[in-house]
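Reviewing the structure listed below.
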Amino acid sequence: AQSVAQPEDQVNVAEGNPLTVKCTYSVSGNPYLFWYVQYPNRGLQFLLKYITGDNLVKGSYGFEAEFNKSQTSFHLKKPSALVSDSALYFCAVTVERGGSYIPTFGRGTSLIVHP
Amino acid sequence: DVKVTQSSRYLVKRTGEKVFLECVQDMDHENMFWYRQDPGLGLRLIYFSYDVKMKEKGDIPEGYSVSREKKERFSLILESASTNQTSMYLCASSLQGSTEAFFGQGTRLTVV
C-alpha cells in the first residue's frame, strides 16, 4: 500500500530565510507526487506536481520541490520565505487503482514564517 | 477553471441526525472523492466514485455512505451522526486517467 510521511508537524522559519518542508513516500510502481497548501478554513490549493522528467519541479508562489528516487523523497523548498507563506502544507502521492488515480496524503506540516 | 462546490461551509447537527453533505463539480469529471481532515491525521479517504452510481470504499468508510445519481454531484451521508464525526470534510474531483485532483472549500461539521 502507498503511504506518505511528513516527519515534521511544524516548521518555523524567519522571513527572508530559505525554507524546506520534508516529505517521503512509499509506493509500488511509479509515484505521482503533489504538494498542496491550505489556508485557515479553506480547501486545498495545488502548488506543484512531479509526474516524470526533471527532478526539480517549479510551482506556484515561488515554491519548488526536488524528487529524489533513491531517497524516496519529495521535499518542498523556497529560497526566501514570506510571512504570507504561513499555512498548512500537504504532500500527496497519487496511485492508480482500477484506472482512477487516488491521492493519499501525509499528515500535514504547519509552516510558520516569523517577521 | 475547475470549480468544486460544497453546499455548506459550516454545519452544526445533533447526535443521531441524518446528515447530507453535498458536492458539485462543473467540469464533467468522472472521479469524485470525499475526505475527512483531522489535526495530526491529515486527509483520509472515506469514499470515492469513478462513475455514476459506482462507488468504492476508502480507508475510513464506517459510519458513512455516499450517493452519486448524477455525474456532477456526489453526496456524503452520515446515517446517524455522532460526535466523533465532527471534522472538516473535503470533496474533490478529477478526470479519468488524470493524476490531479481539484478540491472544494470544505465543510466544517460539528456534531453536538
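Going down the list, the protein sequences come from chains A and B. Just so we're aligned, residue 1 is where the first sequence starts under the numbering used here, counting upward by one. Just so we're aligned, residue 1001 is where the second sequence starts under the numbering used here, counting upward by one. C-beta: ideal position from N, C-alpha, C; glycine also.
Beta bridge counterpart(s) of residue i as assigned by DSSP
i	result
residue 1108 (chain B)	B:1010, B:1088
residue 110 (chain A)	A:10, A:88
residue 5 (chain A)	A:24
residue 93 (chain A)	A:33, A:104
residue 1093 (chain B)	B:1032, B:1102
residue 82 (chain A)	Answer by DSSP bridge pairing: none, since residue 82 (chain A) is not bridged.
Per-residue burial, residue i [other beta carbons within 10 Å of its own, 16 or more giving buried]
i	result
residue 116 (chain A)	This structure cannot settle anything about residue 116 (chain A), because the visible part of chain A is limited to 1 through 115.
residue 1036 (chain B)	buried
residue 1026 (chain B)	exposed
residue 1032 (chain B)	buried
residue 1087 (chain B)	buried
residue 16 (chain A)	exposed
residue 88 (chain A)	buried
residue 1099 (chain B)	buried
residue 4 (chain A)	buried
residue 114 (chain A)	exposed
residue 1010 (chain B)	exposed
residue 1090 (chain B)	buried
residue 112 (chain A)	exposed
residue 1068 (chain B)	buried
C-alpha distance - residue i paired with residue j, whole-angstrom precision
i	j	result
residue 19 (chain A)	residue 1097 (chain B)	33 Å
residue 22 (chain A)	residue 107 (chain A)	12 Å
residue 976 (chain B)	residue 1057 (chain B)	A question about residue 976 (chain B) goes unanswered here, because the residues of chain B that appear run from 1001 up to 1112.
residue 67 (chain A)	residue 1094 (chain B)	23 Å
residue 1016 (chain B)	residue 1066 (chain B)	18 Å
residue 1 (chain A)	residue 28 (chain A)	7 Å
residue 76 (chain A)	residue 64 (chain A)	6 Å
residue 1047 (chain B)	residue 93 (chain A)	17 Å
residue 58 (chain A)	residue 1112 (chain B)	44 Å
residue 1071 (chain B)	residue 1049 (chain B)	10 Å
residue 61 (chain A)	residue 1062 (chain B)	38 Å
residue 43 (chain A)	residue 49 (chain A)	18 Å
residue 74 (chain A)	residue 7 (chain A)	12 Å
residue 26 (chain A)	residue 1018 (chain B)	37 Å
Contact test: residue i Cβ vs the ligand GTP heavy atom, cutoff 8 Å
i	result
residue 1108 (chain B)	For the ligand GTP, the structure offers nothing, since it holds no ligand at all.
is_contact[residue i, chain E] using C-beta, thresh 9 Å
i	result
residue 34 (chain A)	Of the protein chains in the structure, A and B, none is chain E.
Q. Does the count of Cβ pairs from the segment 1004-1022 of chain B and the segment 32-39 of chain A closer than 8 Å reach three?
A. no
(Q) At 3 residues or longer, what runs of the beta strand (DSSP E) sit wholly inside the segment 30-73 of chain A? (A) 32-38, 44-50, 56-58, 64-68
Q. Which full runs of the beta strand (DSSP E) of 3+ residues lie inside the segment 1001-1083 of chain B, going along the chain?
A. 1004-1006, 1010-1013, 1019-1025, 1031-1038, 1042-1051, 1054-1057, 1064-1070, 1073-1078
Q | Any 3 or more C-beta pairs closer than 8 Å across the segment 9-17 of chain A and the segment 1061-1081 of chain B | A | no
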